[in-house]
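What follows is a short report on a single structure.
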Amino acid sequence: MTSTKDKVIQAAQELISRYGYNRTSMTDVAKQAGLSRQTVYAVFANKEDLFAETSYHVFHEHLNKTREGITHCTSLGDQLNIYFENMVVRPFIFLQNHPEAITLWNDADMNNHPAIAKLKNEHRQFLAELLVPYTKYIGASGQCPAHMADFIIMTCREMKCGKASSIEELRRLLDTLSASILALTSQGGAEAA
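Taking the numbering used here, I'd label the letters of the sequence shown as residues 2 to 194.
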């Protein structure tokens, strides 16, 4: 059985995807979810809380697709391609269609929201764990998987939040980032086993 919170998040996700954050009201979400406004406000105190929790939910969908996709990969390059597709390209496309979301993503209060902080920690942990098998090579340059994960996440965030002007440019930048990561995680240019 779907919980009330899940219904509200699903409704918010559908409406925000269709109309954007600014044009989606709590009343719209309640109507879409088949609930009263009071019920929605009982679950989420305000629109910012709802957006943060919806962002966390969407992040988990992307992360789960990434986890599923990399299970059969035999190389870090293939894993990075799946990671970039789910965690960078898909959000980039959403942001191209809803540029007002970039303002929210850059908002200090939103970035300090507990749901967003949890999202960031889980993202960092996932990526650092992906890089752990390459610790020896990363360490040779004075880095560690956690710091490398931070660098990748911050670089990708800049790309998807406006530095890349098109999907083609984004893919070129991701190819360059991937080549850099692969060079850093290998010995003598041969990918680590």
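All C-beta atoms in this analysis are idealised placements derived from N, C-alpha and C, irrespective of residue type, glycine included.
The model shown is predicted, which means the values in this text are computed figures rather than measured ones.
Proximity to residue i [Cα-Cα], best of the options
i: K6; options: S167, R158, Y22, A31; result: A31
i: P92; options: H73, V59, N107; result: V59
i: H184; options: I168, A141, V44, Q11; result: The sequence shown places Ala at residue 184, rather than the His named in the question. The candidate whose alpha carbon is nearest that of A184 is A141.
i: A180; options: N113, N82, I17, I71; result: N82
i: L1; options: K119, H99, I153; result: Residue 1 lies beyond the residue range present for the chain, which begins at 2 and ends at 194; the question has no answer from this structure.
i: E155; options: T3, A109, K121, E62; result: It is Met, not Glu, that sits at residue 155 in the sequence shown. Among T3, A109, K121, E62, the Cα nearest to that of M155 is on K121.
Whether residue i touches residue j by CB criterion (8 Å)
i: E165; j: L178; result: According to the sequence displayed, residue 165 carries Ala and not Glu. Not a contact, by the Cβ cut-off of 8 Å.
i: N47; j: E101; result: no
i: N107; j: C162; result: yes
i: T55; j: I10; result: yes
i: R125; j: D151; result: yes
Sequence-distant residues of its chain with Cβ nearer than 7 Å to residue i (five each side left out)
i: R19; result: none
i: K8; result: A34, L36
i: L105; result: Y22, F52, M111
i: T28; result: R38
i: T67; result: I83, Y84, N87, M88
i: L96; result: A102, I103, K161, C162
Cβ neighbours of residue i in the same chain (closer than 6 Å, five flanking residues each side left out)
i: C145; result: none
i: I17; result: T25
i: A116; result: A53, E54, Y57
Three-state class that DSSP yields for residue i in the structure shown
i: S166; result: coil
i: A194; result: Low local confidence applies: a pLDDT of 42 at A194 is under 50, so the model's placement there is unreliable, with the coordinate-based value given in what follows. Correct three-state label for A194: coil.
i: S56; result: helix
i: S4; result: coil
i: S187; result: strand
i: Y22; result: coil
i: L36; result: coil
i: A147; result: helix
i: F45; result: coil
C-beta neighbour in chain B for residue i, strict 8 Å
i: K66; result: The question asks about chain B, but that chain is absent: this structure has only one protein chain.
Contact set for residue i: own chain, Cβ-Cβ below 8 Å, skip 5 residues either direction
i: I139; result: L132, C145, P146, M149, L185, T186
i: Q14; result: T55, H58, V59
i: H114; result: E49, D50, A53
i: L64; result: N87, M88, E123, H124, F127
Check: Going along the chain, which unbroken runs of the beta strand (DSSP E) with 3 or more residues stay wholly within the segment 60 to 143?
Finding: Fully enclosed beta strand (DSSP E) runs of no fewer than 3 residues are not present anywhere in the segment 60 to 143.
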